[in-house]
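The next block holds one structure in the form of structure tokens; read it before the comments.
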Amino acid sequence: MADSRSHVAVAALAGAVSSLSQGDEWAGLLADLCAGVRRSLGFDRCSIALIEDDEETLRVVACNAGGASRGSEGAGAKHLLHDLPTVLEAATAQSGLFFDDSSEGSPLGELGRLFSGDPEAQSACVVPLRVDGKTVGFIHGSHVGQAHRFDAESRQAIAGVAQLTAMALELAVRNRRVLLDEPQYRELVELSGDFFLTFRPDGEMTYVSPAALRLCSTNECSRWADLVGKVHPEDRERTERAWQQWLSATELTHFENRMISKLGTSHRVHWNVYPVRGEDGQLTHIQCIGRDLTERYKLEEKLRQMQRSDSVARLAQGFSHKFNNILVSVLGNASVLAGQLEQGHAWRPIVDDIAMGAERAAKLTRQLLAYSRSTPHVPQRRRLRDVVQESLELSQVSLPSNVRLQIRIDCEEDWVEADAMQLGHALLNLIWNAAEAMPEGGTVVVRTELLPASGPGEISDGGRVALVVEDTGMGIVAEDRERIFDPFFSTKEMGRGLGLSVVQGIVQAHGGEIEIQSQPGEGTAVRLLLPLAPRRATD
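In terms of our numbering, the sequence shown opens at residue 169 and continues consecutively.
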């Protein structure tokens, strides 16, 4: 399955899941969800069957065979569970069964009749849908024209889509029940992380869920106008207009705005708004169900940054290798020419300048390769203090005279698996950045500190060591801190914009993390968190 087709299909599947979980028209959306599963996994035919509430009946709720976007004749078929083939029991026990051909003894025909009413298939799979460890149904997918071999990657993809489908179905059922306002589901609302608000047509608030209370102290609100005061100022006018539309609406509408929490932080909230009307058509109340999407937007932005960084890294890698080939020629010819000229020759300074410029260009390509993480990573067991001392010999002679450098290497157990050249390069970048942030002069402090292990993912007998570079400079504003690792981004008017990108690439290559703490006017502290090497008896 081509990557581009896969991405488009998964996006379509995500749209169907989103609509399904928001409580739209049920049967059609189940069919759309089935179509999304079929496209995302490359099946010729796909069916979704659910176990009904009596736990004795399996019903095929949707089928899709390519052209039928709203199902096929197999949809609606019911089967008693105790009459089903034992292959479904095996699929449940093994988290799915995969059949690569229609050889004798294969249950492909039996499964095809069961799920789609069509026994023709060259390969197929049946995967259980599980919610809280309980099987609630099955996905059946088949290939008709040509057999498809299910390798490990495709099996993993199918399992992931099955999990997503089960979550969507569970959420959809939960939301549908909540909207019925049955007393037995009040506890579900109270425990939910979503925001439930109910208003009368005159704007009086009649219910607010605990999650909404935690977000922005809506217990201080008794009317719609009070809640609008908790909306981000830039979204208030638009939110007021939406209220007027809801008063005349007759069906579900969607709305998104920013709410200000009681801590002053901004939260992106998606609202599903249900105008509830009586038999006479008159509006009785408005039910608003909101979901905080702040973290999702942050993750999406992080993904976009990773994609941009990956693209620039690939560009940097290709450019650096090609440019290095040119530099080899320049340096080689300059060396030959210098060997033919005496020291006092008039052209000797020009040749030396050519060689020096080529060396500087070679240094830049090494920076680009470090950013793209394509340089050979040769880790050795070293003491971090030794790596720091070796690097500082160069930094001390290159710092401005009004910048003081202080070294505080206190921790004894600082053994790391490190490429000393790369790690030293990262440290020099941080020191030079710190010096440039203090045009009027100041102090740069380089120190280390031990951090205890905080989870099972860290080395069990050591935790981590932090290499910290602090300055007393101008600090970094919040909007710049969010972009500080972007390639070619710089806070300096004439900045090169590669320094922190290079540092990040080196630290990640060492299995570490990088943290930045900074406030405008209060300086900056950059912390490189590196895993400690396991202890040895000779340490």
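Beta carbons are placed, not taken as given, at the ideal position from N, Cα and C, and that holds for glycine.
Contact between residue 292 and residue 279 holds: CB atoms are separated by about 6 Å, below the 8 Å threshold.
Going by C-alpha positions, residue 220 is about 12 Å away from residue 245. With respect to the C-alpha of residue 465, the residue from 426, 533 and 455 having the closest C-alpha is 426.
When Cβ pairs closer than 8 Å are counted between the two stretches, the region 580-596 is seen to touch the region 553-560, the count reaching three or more.
Judged by beta-carbon spacing, residue 308 lies beyond the 8 Å limit of residue 212, meaning their Cβ atoms are not closer than that value. For residue 683, the enclosing beta strand (DSSP E) starts and ends at 681-686. Ranked by Cα distance from residue 368, the first of 422, 456, 209 and 321 is 456. In this structure residue 318 is in contact with residue 266, their Cβ atoms being roughly 4 Å apart against a cut-off of 8 Å. Check the Cα spacing between residue 424 and each of 300, 417, 430 and 407: the tightest is with 407.
A direct Cα-to-Cα measurement between residue 596 and residue 510 gives close to 37 Å. Contact between the region 601-619 and the region 631-646 is established, with three or more Cβ pairs separated by less than 8 Å. Shown here, residue 232 sits in a strand according to DSSP, grouped into three states. Spanning the alpha carbons of residue 300 and residue 378 requires a straight line of approximately 24 Å. Its Cα nearest to that of residue 360, the residue 460 stands out among 486, 230 and 460.
Our two residues, residue 216 and residue 413, have alpha carbons roughly 37 Å apart in a direct line. The three-state reading of DSSP puts residue 634 in strand, counting E and B together.
The beta carbon of residue 462 sits closer than 7 Å to the beta carbons of 435 and 436 from its chain, once the five residues preceding and following it are set aside; these are given in chain order.
Under DSSP, residue 307 forms a beta bridge with 216 and 295. By the neighbour-count criterion, in which a residue is buried when 16 or more other Cβ atoms sit within 10 angstroms of its Cβ, residue 493 is exposed.
Where residue 611 is concerned, the enclosing beta strand (DSSP E) starts and stops at 610-619.
Residue 322 and residue 587 have their C-alpha atoms roughly 37 Å apart.
Residue 647 and residue 688 have their C-alpha atoms some 11 Å from each other. The Cβ atoms of residue 296 and residue 274 do not sit closer than 8 Å to each other. For residue 570, no alpha helix (DSSP H) segment is defined, and its DSSP state is neither H nor E.
Note that the C-beta distance between residue 523 and residue 495 is not below 8 Å. Take residue 652, set aside five residues on each side of it, and the residues of its chain with a beta-carbon closer than 6 Å to its own are 668, in chain order.
Spanning the alpha carbons of residue 488 and residue 528 requires a straight line of approximately 13 Å. DSSP places residue 280 outside any beta strand (DSSP E); the residue lies instead in the alpha helix (DSSP H), whose first and last residues are 276-283.
The region 222-235 makes no contact with the region 325-336; the number of CB pairs closer than 8 Å stays below 3.
Sequence-distant Cβ neighbours of residue 400 in its own chain, meaning closer than 8 Å and more than five residues away, are 425, 426, 427, 428 and 434. DSSP places residue 605 in the coil class of the three-state scheme, outside both helix and strand. Per DSSP, the unbroken beta strand (DSSP E) holding residue 583 starts and ends at 583-586. When C-alpha distances from residue 243 are compared across 203, 208 and 332, the shortest belongs to 203.
The beta carbon of residue 491 sits closer than 6 Å to those of 533, all from its chain and outside the five residues before and after it, given in chain order. Looking only at 701, 644, 673 and 674, the smallest Cα-Cα distance to residue 684 is reached by 644. Minimum Cα-Cα distance from residue 260 among the listed residues 269, 277, 224 and 303 corresponds to 303.
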